[in-house]
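Residue numbers for the sequence shown follow the numbering used here, beginning at 2 and rising by one.
Below is one structure, written out as structure tokens; the observations come after it.
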Amino acid sequence: RDIGVTGVQTCALPIYLAKAQFQLKDYAAARRTHQSVLEIIGNDVEAMIGMALCNRELGDFDPALGLLEHAIIQEPHRAESHFFYGNVLRDVKDFQGAIDAYGTAIALKSDYLEAYANCASCLKDLGMTSEAMAFYDSALMLDPSHAEANYNRALLLLSELKLEEGWRAYERRLDSETSIRKFMGGRIRVAPNWDGQSQPDALLVIGEQGLGDQIFFGGMLADLAKQVPNATVCIEPRLIPLFSRSFPSLKFIGPSEVYTQPFDAQIQLGDRKSTR
């Protein structure tokens, strides 16, 4: 891997380039760069893992699994390879295989937080709720602020009708990339939280999750219209015409319009205060 007496590794720069391309979400370019490394030096584990991650992002799951299997054969004690292998197995709905892979990763690295959290989600997918809860709890012992573990644990509690604890935990969804933050394009805080009782002059209600969820939560807007008839509701733009006809006293906007006007208070559409 070295050039002459300089000690410069021939593949260091391409690997860094591939990682930068991956961070920029140019997965096809990153895959080509990793491929060039493998063509030069053969079974480089770092390049195999990197190329596998690119394949996963591009939806090419079988090549990703093959590369990760080779990486595991080359370095069987590398916990990250087993973790990434579990992620791809979960993508293809091989939940038991994913659980086994995460278990191996945890056995090799006992504080592997993401492996605990992802294993818990697989167990939840298989309906093994008590086992899933134990793994979420293990993840949160390592990092009590872990957003995804808190969010998914909350959903599990609510599905088990453990409502008081579940609703408290569900507040952590505001930190999750899978919920409101994604809908709002990253920023979710524009005003203080509404207490659910007062009548602010400019209340913003933020929709969350997908189109179907917003339609489901929309059933509560009739109550909102009675209490704060001038409220503004941020929803999927496709729903604006329908909701505007159904609730004429409320104003409906899309996410891009939220930051063009000031608000006195805000609340999320799925918050329990908005169900009272």
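Cβ atoms here follow ideal geometry from the backbone N, Cα and C, with glycine treated the same way.
The structure displayed is predicted, hence computed values, not measured ones.
In this chain, the beta strand (DSSP E) harbouring V206 covers L204 to I207.
A straight-line Cα-Cα distance of about 36 Å links L158 and Y28. In the DSSP assignment, I73 falls within the unbroken alpha helix (DSSP H) covering F62 to Q75. Secondary structure in the segment 191 to 239: the beta strand (DSSP E) runs of 3 residues or longer, each lying completely within the stretch, are 204 to 207 and 233 to 235 in chain order.
Under a 10 Å Cβ-count criterion, T105 is classified as buried, with 16 or more other Cβ atoms of the shown protein chains found around its own Cβ.
In this structure, DSSP gives I254 an extended state, which the three-state scheme calls strand. Excluding its 5 nearest sequence neighbours in each direction, A80 has C-beta neighbours in its own chain below 7 Å: A106, L109, K110 and Y113, listed in chain order.
By the CB criterion at 8 Å, Y103 and N119 fall inside the cutoff.
The three-state secondary structure of I268, taken from DSSP, is strand. Where I42 is concerned, the enclosing alpha helix (DSSP H) starts and stops at Y28 to I42. In its chain, beyond the 5 residues on either side, C12, P15, I16, D45 and A48 have a beta carbon closer than 7 Å to the beta carbon of V38. For F248, the closest of A232, Y260, P263 and V259 by C-alpha to C-alpha distance is A232. Counting C-beta atoms within 10 angstroms of its own C-beta, I100 has 16 or more neighbours from the protein chains shown and is therefore classed as buried.
One Cα belongs to G271, the other to F23, and the distance between them is close to 34 Å. Setting aside the 5 residues that flank it on each side, L69 is surrounded in the same chain by M49, I50, A53, S82, F85, Y86 and V89, each with a C-beta closer than 8 Å to its C-beta; the list follows chain order. The Cβ atoms of R154 and A170 lie closer than 8 Å to each other.
In the displayed model, L25 falls within coil according to three-state DSSP, outside both helix and strand. Contact annotation, R239 with L212: C-beta distance approximately 7 Å; criterion of less than 8 Å satisfied. Around the beta carbon of F218, 16 or more other beta carbons sit within 10 angstroms, so the residue counts as buried. Judged by DSSP in its simplified three-state form, P242 adopts helix. Per the coordinates, the alpha-carbon of A135 lies some 8 Å from the alpha-carbon of A121.
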